[in-house]
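With the numbering used here applied, the sequence shown corresponds to residues 152 to 352, in that order.
See below for the structure under consideration.
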Amino acid sequence: MPYSAFKKIEQIEEQFGLTINQHHSLFAEVETLQPSQTLKETLHRNVSLALNINTEKARSELIIAPLLLEVRERLHNISLFLGIEFNVEAEKELNGYCDYILSLSPNQAILRAPVICVVEAKNEQIKSGYAQCIAEMIAAKRFNDNKSKPLNSILGVVTTGSNWKFITLQNNSVLIDFEEYLIAEVDKILGIFKAFIDSCL
152 MPYSAFKKIE
162 QIEEQFGLTI
172 NQHHSLFAEV
182 ETLQPSQTLK
192 ETLHRNVSLA
202 LNINTEKARS
212 ELIIAPLLLE
222 VRERLHNISL
232 FLGIEFNVEA
242 EKELNGYCDY
252 ILSLSPNQAI
262 LRAPVICVVE
272 AKNEQIKSGY
282 AQCIAEMIAA
292 KRFNDNKSKP
302 LNSILGVVTT
312 GSNWKFITLQ
322 NNSVLIDFEE
332 YLIAEVDKIL
342 GIFKAFIDSC
352 L
């Protein structure tokens, strides 16, 4: 079963023995990171177009990808993969394609552990992507463990491009951030990525 077949978080809880909660603001104390002039101009040019086209592909290519490219360029020694096959444990139904993966490795030729973040693009309500994103986060944790490069936490993101929701996985506990950030708060979104990646270093 591909990641996209996971539709409900109750299914994830039962199948993988997780505790899933929507918690307080997980990143309230995180400092903002000002976007580069290039990203500011890109978003100024692209956001209204993407929202008017209103397809997942438009939002993904015109908003999400430029922001994640900024993360890669500003935070060195990480790699970014788009639309990559991520088959970790097919027997546990942890297989399929991920929209975006960030790895704590500068190697852009091949995905290497540790995977630190998965980003799921949605053109519908954010909540519809929770289960799929959490399944991808579980796969990322197991991928890292299997490669002997475990991390204390995995970051997950479900985004429509205009709205961003962050999720953390630590041990068997999943916390869904109470806050939802708009693309107008790009400095906060970038700050969350920076704070999380810094914590992994």
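Even glycine gets a Cβ: it sits at the ideal position worked out from N, Cα and C.
It should be emphasised that the depicted structure is a prediction, and the values quoted were computed from it without experimental measurement.
Across which residues does DSSP place residue i in a beta bridge pair?
i    : result
K316 : V309
L326 : N172 and T319
P301 : For P301, which the question treats as bridged, DSSP gives no partner whatsoever.
My understanding is that residue i touches residue j, with C-beta atoms under 8 Å, so please give their C-beta distance in whole angstroms.
i    : j    : result
L213 : A201 : 4 Å
E182 : G342 : 5 Å
V239 : A290 : 4 Å
S299 : Q321 : S299 to Q321, Cβ: 19 Å. No contact.
L326 : H174 : 4 Å
S176 : E330 : 5 Å
How is residue i classed by DSSP in three states: helix, strand or coil?
i    : result
S220 : The identity of residue 220 in the sequence shown is Leu, whereas the question assumes Ser. It is helical.
G168 : coil
L184 : coil
G234 : strand
I340 : helix
E240 : strand
L333 : strand
Taking the C-alpha atoms as reference points, what is the distance between residue i and residue j?
i    : j    : result
F167 : N314 : 28 Å
L231 : V270 : 11 Å
E207 : L169 : 29 Å
S199 : T311 : 13 Å
I334 : I215 : 9 Å
P153 : Q162 : 14 Å
R196 : E221 : 16 Å
K339 : S256 : 24 Å
P301 : A286 : 17 Å
D349 : I267 : 11 Å
N274 : C284 : 14 Å
I112 : N246 : There is no way to answer for residue 112, as the model of the chain reaches only from 152 to 352.
A272 : L226 : 22 Å
E192 : K158 : 36 Å
For the ligand FMN, I want to know if residue i counts as a neighbour, meaning its beta carbon is within less than 6 Å of at least one of the ligand's heavy atoms.
i    : result
G312 : Ligands are entirely absent from the displayed structure, and the ligand FMN is therefore not among its contents.
>> As an exercise, report each continuous beta strand (DSSP E) stretch of at least 3 residues that is fully enclosed by the stretch 236-294, in chain order.
In response: 248-254 and 266-272
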